[in-house]
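> First to last, the protein sequences are chains A and B.
End of the first sequence sits at 258 in this note's numbering; the numbers just go up one at a time, nothing left out.
End of the second sequence sits at 322 in this note's numbering; the numbers just go up one at a time, nothing left out.
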Amino acid sequence: MFVLASINFPPIGELLNWKTIFFGGSALAFNKIGLITLAAAVITIVLFVLAGRGAKLIPTGLQNVIEYGVDFVTNLIVLEAMGPEGMAWVPWLVGMFFFILFSNLFEVIPFIQMPATARTSVTIPLALISYVTFVVVGIKRQGFGKYLKTSLVPKGVPVALLPLLIPLEFLSTFIVRPFALAIRLFGNMLAGHLLLVTFAILSEALFVKSILLVALPLPFAMLVLVTGYEIFVSALQAFIFTTLTAVYIGEAMAGDH
Amino acid sequence: MHLYIFGANQAFNPILPATGEIIWSVISFVVLLVLLAKYAFPPVKKIMAERTAKIRGDIEAAEKARLEAERVLAEYRNQLEEARKEANRLVEEARKTAGLVREDLLKRAHEEAADIKRRADEALAIEKERVMNELRGSLGDLAVELASRIISFEIERQNVDPLVEQFLHEMGARSK
Numbered sequence: 002m003f004v005l006a007s008i009n010f011p012p013i014g015e016l017l018n019w020k021t022i023f024f025g026g027s028a029l030a031f032n033k034i035g036l037i038t039l040a041a042a043v044i045t046i047v048l049f050v051l052a053g054r055g056a057k058l059i060p061t062g063l064q065n066v067i068e069y070g071v072d073f074v075t076n077l078i079v080l081e082a083m084g085p086e087g088m089a090w091v092p093w094l095v096g097m098f099f100f101i102l103f104s105n106l107f108e109v110i111p112f113i114q115m116p117a118t119a120r121t122s123v124t125i126p127l128a129l130i131s132y133v134t135f136v137v138v139g140i141k142r143q144g145f146g147k148y149l150k151t152s153l154v155p156k157g158v159p160v161a162l163l164p165l166l167i168p169l170e171f172l173s174t175f176i177v178r179p180f181a182l183a184i185r186l187f188g189n190m191l192a193g194h195l196l197l198v199t200f201a202i203l204s205e206a207l208f209v210k211s212i213l214l215v216a217l218p219l220p221f222a223m224l225v226l227v228t229g230y231e232i233f234v235s236a237l238q239a240f241i242f243t244t245l246t247a248v249y250i251g252e253a254m255a256g257d258h
Numbered sequence: 147m148h149l150y151i152f153g154a155n156q157a158f159n160p161i162l163p164a165t166g167e168i169i170w171s172v173i174s175f176v177v178l179l180v181l182l183a184k185y186a187f188p189p190v191k192k193i194m195a196e197r198t199a200k201i202r203g204d205i206e207a208a209e210k211a212r213l214e215a216e217r218v219l220a221e222y223r224n225q226l227e228e229a230r231k232e233a234n235r236l237v238e239e240a241r242k243t244a245g246l247v248r249e250d251l252l253k254r255a256h257e258e259a260a261d262i263k264r265r266a267d268e269a270l271a272i273e274k275e276r277v278m279n280e281l282r283g284s285l286g287d288l289a290v291e292l293a294s295r296i297i298s299f300e301i302e303r304q305n306v307d308p309l310v311e312q313f314l315h316e317m318g319a320r321s322k
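#1: What are the boundary residues of the alpha helix (DSSP H) that includes K150 (chain A)?
#2: Would you mind reading off the limits of the alpha helix (DSSP H) that contains F242 (chain A)?
#3: Helix, strand or coil: which one does DSSP assign to F313 (chain B)?
#4: Show which residues of chain B have a CB atom less than 7 Å away from the CB atom of E68 (chain A).
#5: Return no unless some Cβ of chain B is closer than 9 Å to the Cβ of T228 (chain A).
#6: For my contact list, F135 (chain A) and Y249 (chain A) are in at a C-beta cut-off of 8 Å; report their separation, rounded to the angstrom.
#7: Please look up how many angstroms separate the CB atoms of V74 (chain A) and V95 (chain A), rounded, as I've assumed it's under 8 Å.
#8: So within the segment 77-115 of chain A, which uninterrupted beta strand (DSSP E) runs reach at least 3 residues, ignoring any that extend past its ends?
#9: Name, in chain order, the residues that DSSP records as bridge partners for F23 (chain A).
#10: Output yes or no for whether 9 Å exceeds the beta carbon distance between L51 (chain A) and A128 (chain A).
#11: Taking only beta-carbon positions, decide if I205 (chain B) is within less than 9 Å of chain A.
#12: Taking C-beta to C-beta, are R185 (chain A) and I130 (chain A) nearer than 9 Å?
#13: Tell me which residues share the same chain as H148 (chain B) and place their Cβ nearer than 6 Å to its Cβ, disregarding the 5 neighbours each side in the sequence.
#14: Of all the alpha helix (DSSP H) runs that stay within the bounds of the segment 155-181 of chain A, which reach a length of 4 or more residues?
#15: Around the Cβ of E68 (chain A), are there at least 16 other Cβ atoms within 10 angstroms (buried) or fewer (exposed)?
#16: Is F10 (chain A) helix, strand or coil when you go by DSSP?
#17: Using 8 Å as the cut-off, can you tell me whether the segment 198-211 of chain A makes contact with the segment 221-229 of chain A, which would need three or more C-beta pairs spanning the two stretches below that distance?
#18: Using the Cα positions of V277 (chain B) and K253 (chain B), report the straight-line distance between them to the nearest angstrom.
#19: Span of the alpha helix (DSSP H) holding N65 (chain A)?
#20: Taking T165 (chain B) as part of the alpha helix (DSSP H), name the residues at either end of that continuous run.
#21: On the premise that T244 (chain A) lies in contact with A82 (chain A), defined as a C-beta separation below 8 Å, what is that separation, rounded to the nearest angstrom?
#22: Grouping DSSP H, G and I as helix and E and B as strand, with all else coil, what is K57 (chain A)?
#23: Relative to the C-alpha of I193 (chain B), which residue among A:I125, A:Q64, A:L166 and A:G139 is closest?
#24: When you check each C-beta in the segment 167-182 of chain B against every C-beta of chain A, which residues fall closer than 7 Å?
#25: Please state the DSSP three-state secondary structure of R120 (chain A).
#26: Using a Cβ-Cβ distance cut-off of 9 Å, determine whether A164 (chain B) contacts chain A.
#27: Check the Cβ-Cβ distances between A186 (chain B) and every residue of chain C, and say whether any is below 9 Å.
#28: Just the Cα atoms here: how many angstroms apart are I173 (chain B) and F112 (chain A)?
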């Protein structure tokens, strides 16, 4: 208890509420989160430009990595969730995947150690963009009335059940979907971030307390383990968010429920 | 010393978004999508499509080359088989021709030999006849001469001739 009591967990504001770097006081306040999202965008663009500029028929190095990423999104996300019709969405979804992936990966990058996606400021706009996209695609492809009908009225259901199902379907498609998208990414990344912070603080506190403590290696081992796990989670969450977006857009395009 | 539970006594709410962060993340994301779709993605996609096309082309070309090679091989095998048959036919024909030539030569040689023999026989017979005639003439003369001398000079030549003739005839018949 004495050891634990001496550990001073920082308040959550210190972990998530970053100081403004530029444009302080205005709505455009630019802080660490803005920096990370900007960096994620710039890194993605730079990687693609570099890979595309020296592109060879037999790929090497970076070109291989980027092409693998594109292949991954094309085969495992677009073709799986949307079919060949979704090929036009590949650049869009590749951008989304890499943007989220890099925003997540800053969680384990030394000295930055903050996933931009642990802020709802990032995940809510992403989820809204995804939401608006699939709704617009659905209305454009099928027309407003038909899109509403295919989204709200499940096929092969007795008419008597419709008064119950239509509100449920409305809730699930138009309310829960964007909310779940945003919260899933945010929750996962925030939890990972807090886990890493916890084990880092614990390791540091034990180290300061006494270098000879038997329990010393345990939090540090956990820290290493969780860091590896968070790299996996970063990729997984980027994959899940992009896949769900693809599924929603694919559904809006196809019109069958 | 305080034991803080995360943010429990803080005014900061970790769930609420901040305006500045929203604006910058949206700007970053939208700019990324636009730049990626317009400039950065097409070259990567192009090279991937080119590779796909090249691999497809190579596979098709290889398949074509394989079929062509198979066709040529079959053709060569056919030609070889035909050449072998032709060679066999030629050898057989040559053998047949040689047999015929041999038989022909042999036949002609036999005929020629027989002819030569026949002509020799004829020549021999004629010669023999001629010698016999000659012999007959001189023998008659000699015999008459001899007889005239031995027996007498009185015997008339006219009376003796038939006898001599008869004698010679008998001699000729015996010698044949």
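By construction, the Cβ of each residue, glycine as well, lies at the ideal position given by its N, Cα and C atoms.
Model, not experiment: these values are computed from the prediction.
On the basis of the data shown:
#1: F145 to L153
#2: P218 to A255
#3: helix
#4: V190 and M194
#5: no
#6: 4 Å
#7: 5 Å
#8: none
#9: A:F31
#10: no
#11: no
#12: no
#13: Because the pLDDT at H148 (chain B) is just 42, under 50, the model does not fix this residue reliably, and the point stays unresolved.
#14: Note on the segment 155-181 of chain A: whole alpha helix (DSSP H) runs with a minimum of 4 residues are 163-171, in chain order.
#15: buried
#16: The answer is coil: DSSP assigns F10 (chain A) none of H, G, I, E or B.
#17: The answer is yes - the segment 221-229 of chain A touches the segment 198-211 of chain A, with three or more Cβ pairs under 8 Å.
#18: 35 Å
#19: G62 to F73
#20: T165 to L181
#21: Confirmed, Cβ separation roughly 6 Å.
#22: coil
#23: A:Q64
#24: E167, I168, I169, W170, S171, V172, S174, F175, V177, L178, L179, L181 and L182
#25: coil
#26: It does: the Cβ of A164 (chain B) has a partner Cβ on chain A nearer than 9 Å.
#27: Absent from the structure: chain C. Protein chains present are A and B.
#28: I173 (chain B) and F112 (chain A): Cα-Cα distance of roughly 24 Å.
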